[in-house]
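*Asks:*
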Amino acid sequence: MTSRPLTSRPFLGWFVSPAGLVAVSLVAAMAVVFQYSVRTYIPGSLDVGGFTLQNFAALLRPLYAWAFWATILLCFQTAVFTLILAYPVAYALVRTRSPFLRSFILIASVTPLFLGEVVRTYSWMIVLGNNGFLNTLLLKLGLVQRPLQMMFTTGGVVAALVHVTMPIMVIMLAAGLSHIDRNYEKAAASLGAGPIRIFLTITLPLSMPGVVAGFSTAFAWTFSAFATPQLIGGGRVSTVSTLVYQLGFSSFNFPFAASLSIVGLALSLAVIALMKQAARPLERLGAAT
Amino acid sequence: MTGRFTAKALRWSGYVLVAVILLFVILPAIVVALTAFNDRAILAFPPQVWSLRWFTRAFDYADFRKGFWNGLTVTLWASSLALVIGAAFAFAIHRYTFRFKRTLEGILLSPLIIPHYTIGLGLLMLAAQTGAGRGFPLVILAHVIMVLPFVMRSVFISLQNLDTRLELAASSLGASPLRILFTITLPLLLPGLLSGWLFAAILSFNEFTATLFVSSQATQTLPVAMYNYVREYADPTLAALSVIYIVVTATLLTLANAFLGLGKILNVDAH
């Protein structure tokens, strides 16, 4: 294939070079983050000093080490809850025979994806607030005497983040489920397997690639979330993203912000790689059936 | 017939479960709508007096007006550029083999994994180092980078569904590659291109985290203006704006579903 004559690839340069330019600027931006992360911070100035590894050493301080741990835990919790909620929706979306129901489920579950983090987070602030929807409802029903504290808690942040990552998880699970050959299920049914057994031994294993893809994307998106932990966490839930912003725009310590985001990125990639590795036996289970 | 009974019970409990989960997804939108039409400044449910005053305020607030027009400018540029760049590149990776193909593809898809604040921070510092400043070109570049993966995916899926025999037929009848591209390939790709552009536009208009880093007071888009508002005021003006957002987005997606087939675009249709 490599020795194919150039004439069989008309306009190749025209097709690739604009994308190449975008890729170069992205790589340059990432290179600048790397470069800043090993430079000295000069207080009160936007210029940076010489080479140093001090920024990375400072990340070992409890405050930052704790933020990394808290962020990873937050991402993990969010991804697990999102998976549990998104699976039935994706299953119903792919398997329903009613075109109306299909369209309804698809639009209802996908719309939040396109609303952006700010609108989604704001609506959760109204749901979770002390005078918010849930508290009013609980008080009126007499289930609680005083409003529950839901804003500025990790639980509140997770609830909102699950809502943020649901659409992408539904899309990925549905894509996986829609590619399953239904004949396997029919064969199992004709051999006398009940619906639960068919689901557990055929459908679920075969959908594992979608589960792994959805889980790692949900993890990465949560890691990237900024408005949700900032507004619903209200400073009481510190994540890597909120710290990067504080360091960059409150203290203008760009070198430290850069090293924080580099380590954050490396940790997030490492966790995703580990998860994919751990999920391999499960995926093989899907491939074997 | 217990088997049939179990199947029926399972199906109905499935319906109930999915309905409850979808309620969780839709609930915030309903609550926002109830808040937006409430006359009182503090959040209270259900509203005692209905009013449109928060909508008026949302339209009158200068930062929102400016953010809307800034956002529209950025969105139109970014989604159109991303469409041209992404579609051409998707075509190249689908049809050709060339050097650094996988590397280039990996880099362009990486914004799906790299946190947006990292990319925003990098672009901000890059602009500072090169002396480019925080103008519209920087914001547009950031948005192109963010939405490109979605355009590539959308165009790539429609390329996979395209029947290449039509191109071969045209070629055997003596059409030049350029003519085939413009009279066969592009018209057949049109639904995929349109949906790619639409997705890019909606995502770009709502992009927040990277924009927060690269925009200035002069170039801030609507989501950034909304974020700044929510940190300063606690009144339901944002609820009114959110209602408009939700209605417009849901309408666009319903139209896209009716005319282009949302399931096909997102690759979730059963095979």
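Just so you know, the sequences run in chain order B and X.
Going by the working numbering, the first residue of the first sequence is number 32, and it counts up by one from there.
Going by the working numbering, the first residue of the second sequence is number 214, and it counts up by one from there.
Cβ atoms here follow ideal geometry from the backbone N, Cα and C, with glycine treated the same way.
Quick caveat, the model's predicted, so the values are computed rather than measured.
Which residues, in order along the stretch 281-293 of chain X, keep a beta-carbon less than 8 Å from a beta-carbon of chain B?
*Replies:* none
*Asks:* Per DSSP, what kind of secondary structure is V481 of chain X in: helix, strand or coil?
*Replies:* coil
*Asks:* Along chain X, which residues have their Cβ under 8 Å away from the Cβ of W45 of chain B?
*Replies:* In chain order: A301.
*Asks:* Contact between the stretch 267-277 of chain B and the stretch 98-107 of chain B: three or more CB pairs below 8 Å?
*Replies:* Short answer: they touch.
*Asks:* Buried or exposed for A123 of chain B, going by 16 or more other Cβ atoms inside 10 Å?
*Replies:* buried
*Asks:* What does the Cβ neighbour count give for R151 of chain B, buried or exposed, with the cut at 16 atoms within 10 Å?
*Replies:* buried
*Asks:* Is it buried or exposed for A218 of chain B, if we count other Cβ within 10 angstroms and need 16 for buried?
*Replies:* exposed
*Asks:* What does E216 of chain B reach in chain X if we use C-beta pairs closer than 9 Å?
*Replies:* The contacting residues do not exist; E216 of chain B stays about 12 Å from chain X at best.
*Asks:* In whole angstroms, what is the alpha-carbon distance linking K307 of chain B and E445 of chain X?
*Replies:* Near 42 Å, if we compare the C-alpha coordinates of E445 of chain X and K307 of chain B.
*Asks:* T259 of chain B by DSSP, collapsed to three states: which one?
*Replies:* helix
*Asks:* Apart from the five residues just before and just after L407 of chain X, which ones in its own chain have a Cβ nearer than 7 Å to its Cβ?
*Replies:* L473
*Asks:* If you run the structure through DSSP and keep just helix, strand and coil, what is F183 of chain B?
*Replies:* coil
*Asks:* Under 8 Å, do V427 of chain X and L321 of chain X count as touching if we go by C-beta distance?
*Replies:* no
*Asks:* Taking the beta strand (DSSP E) that V79 of chain B belongs to, which residues open and close that run?
*Replies:* V79 to F82
*Asks:* Does the Cβ-Cβ distance between V244 of chain X and F164 of chain B come in under 8 Å?
*Replies:* yes
*Asks:* Are there three or more Cβ pairs, one per stretch, closer than 8 Å when the stretch 294-301 of chain B is compared with the stretch 187-200 of chain B?
*Replies:* no
*Asks:* Assuming the contact rule is C-beta atoms closer than 8 Å, T462 of chain X and L146 of chain B should be a hit. Round their C-beta distance to whole Å, please.
*Replies:* 6 Å
*Asks:* Below 7 Å CB to CB, which residues in the same chain sit around Q433 of chain X once its five sequence neighbours on both sides are set aside?
*Replies:* G280 and N283
*Asks:* At a Cβ threshold of 8 Å, is H329 of chain X touching chain B?
*Replies:* yes
*Asks:* Could you give the uninterrupted runs of the alpha helix (DSSP H) lying entirely in the stretch 325-404 of chain X, keeping only those of 4 residues or more?
*Replies:* 329-343, 349-373, 378-385 and 390-393
*Asks:* Check whether the stretch 276-284 of chain B touches the stretch 448-460 of chain X, counting contact only when three or more Cβ pairs, one atom from each stretch, lie closer than 8 Å.
*Replies:* Verdict: no, contact absent.
*Asks:* Output yes or no for whether 8 Å exceeds the beta carbon distance between I370 of chain X and N480 of chain X.
*Replies:* yes
*Asks:* Hey, does T450 of chain X have any beta-carbon neighbour from chain B nearer than 8 Å?
*Replies:* Chain B, which has no Cβ nearer than 8 Å to the Cβ of T450 of chain X, makes this no.
*Asks:* Within the continuous beta strand (DSSP E) that includes T234 of chain B, where are the two ends?
*Replies:* Taken as a continuous stretch (DSSP letters only), T234 of chain B belongs to no beta strand (DSSP E), as it is neither H nor E.
*Asks:* For the stretch 133-146 of chain B, enumerate the residues whose C-beta is nearer than 8 Å to any C-beta of chain X, in chain order.
*Replies:* R133, S134, I136, L137, I138, A139, S140, V141, T142, P143, F145 and L146
*Asks:* Determine the direct distance from the alpha carbon of V79 of chain B to that of L52 of chain B, and round the result to whole angstroms.
*Replies:* 27 Å
*Asks:* Helix, strand or coil for R92 of chain B? Go by DSSP, reduced to three states.
*Replies:* coil
*Asks:* Quick check on T71 of chain B: does DSSP put it in helix, strand or coil?
*Replies:* If DSSP states are grouped into helix, strand and coil, T71 of chain B belongs with the strands.
*Asks:* Using beta-carbon positions only, say whether G409 of chain X and A340 of chain X come within less than 8 Å of one another.
*Replies:* no
*Asks:* Under a CB-based cut-off of 8 Å, is G335 of chain X close to chain B?
*Replies:* yes
*Asks:* F418 of chain X to L285 of chain X, Cα distance in whole Å?
*Replies:* 7 Å
*Asks:* So, is S140 of chain B buried or exposed, given that buried needs 16 or more other C-beta atoms within 10 angstroms?
*Replies:* buried
*Asks:* If you draw a straight line from the alpha carbon of W225 of chain X to that of V443 of chain X, how long is it in whole angstroms?
*Replies:* 42 Å
*Asks:* Is L116 of chain B near I199 of chain B, with beta carbons less than 8 Å apart?
*Replies:* no
*Asks:* Helix, strand or coil: which one does DSSP assign to N470 of chain X?
*Replies:* helix
*Asks:* Which stretch, first to last residue, makes up the alpha helix (DSSP H) that contains P436 of chain X?
*Replies:* L435 to E445
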